[in-house]
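In the numbering used here, the protein residues as written are 219 to 515.
Read the structure below first, then the notes.
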């Protein structure tokens, strides 16, 4: 039997990283099911718009190679198609990544309320996702504006606010809080833990960056080589397959959300000790403490 995973406890840097991957591994199937289903619309939109964007690029390169760029090539139509497809793609890509974080936080919020041995269901995660989506979108817009202002005036304040405000969404979803409360709580939690959070996020982003290069580099090489050698003979099935793999890889961004969640629970335990209080209150209640090891004499 797998040991009970305790969310609410104090962790150091190494424990946050290791517990992030442990939680990801133990909940991979149950977490990715709602992700694939809820994000399927965004994945489909990404694939379709990427196909259109690459087809437009191939048409442009072919027209220039054949010398028909200023004759038969319909530049206005090509420009409009390129703009529309690019807009839809980046809009869909933004909400795809955003949904990954909301779904992960929703899953963890349900997980922490579940009895030992039970996992969140699709309907439960979907219910949390719908309930918090608009609140999370509005909060993220405000946070993005604040971070953007900090970066414009001076880079360092933008980086500082970015690390602090990454805790806003977990507070909103885990505590069913308003933006104002979550904003203030983020500064309280991050006090004395800014560099720890910064280090955790750097490590996770580096891991994801190196992993993504395995898919992005071959795709870029195939794309550029085919466009230069034979733009009319573009290998669409290969490209679509690579892009599908890349979109599925984006689901691994949930690792960042899990790491931020581990930071939240660790810092909350430091400040409030809610996990310790709950464990004290459940002493002697066998159905609530069965995850603890039996005493041996």
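Virtual Cβ for every residue (Gly too), placed ideally from N, Cα, C.
| said: Less than 8 Å between C-beta atoms, sequence neighbours within five positions excluded: which residues of the same chain meet that for residue 390? | reply: 350, 353, 354, 357, 396, 397, 400
| field | Nearest-angstrom beta carbon gap, residue 479 and residue 326 [assumed within contact, 8 Å] | value | 5 Å
| Beta-carbon gap between residue 251 and residue 387 smaller than 8 Å | no
| Inter-residue spacing [alpha-carbon to alpha-carbon] between residue 440 and residue 261 | 21 Å
| task | Could you pull out every residue in the same chain whose Cβ sits closer than 7 Å to the Cβ of residue 443, ignoring the five residues on either side in sequence? | result | none
| said: Rounded to whole angstroms, what is the Cα-Cα separation between residue 232 and residue 298? | reply: 50 Å
| message | For the pair the segment 461-477 and the segment 312-325, tell me if three or more CB-CB distances fall below 8 Å. | response | yes
| query | Looking at the unbroken alpha helix (DSSP H) that takes in residue 333, where does it start and where does it end? | reply | Counting along the chain, residue 333 falls outside any alpha helix (DSSP H), and DSSP gives it neither H nor E.
| query | For residue 338, does the count of other Cβ atoms within 10 angstroms reach 16, so buried, or fall short, so exposed? | reply | buried
| request: Confirm, please, whether the CB-CB distance from residue 473 to residue 422 is below 8 Å. | output: yes
| message | Considering just the uninterrupted stretch of the alpha helix (DSSP H) at residue 237, what are its terminal residues? | response | 231-244
| task | Return the chain-ordered list of same chain residues with a C-beta closer than 7 Å to the C-beta of residue 264, the five sequence neighbours on each side being excluded. | result | 307, 310, 311, 314, 465
| Of all the options 414, 458, 413, 416, which has the alpha carbon lying nearest to the alpha carbon of residue 434? | 458
| Of the residues 345, 481, 407, the one placed nearest residue 419, counting alpha carbons only | 481
| Which residue spans inside the segment 415-442 form an unbroken alpha helix (DSSP H) run of at least 4? | none
| request: Rounded to whole angstroms, what's the CA-CA distance from residue 462 to residue 402? Just pull it up for me. | output: 40 Å
| query | Is residue 372 helix, strand or coil when you go by DSSP? | reply | coil
| field | Exposure label - residue 343; buried when at least 16 CB within 10 Å | value | buried
| Cβ-based neighbour list, residue 415, same chain, cut-off 6 Å, excluding 5 preceding and 5 following | 381, 481
| said: Buried or exposed for residue 487, going by 16 or more other Cβ atoms inside 10 Å? | reply: buried
| task | From the DSSP output, in three-state form, read off residue 366 for me. | result | helix
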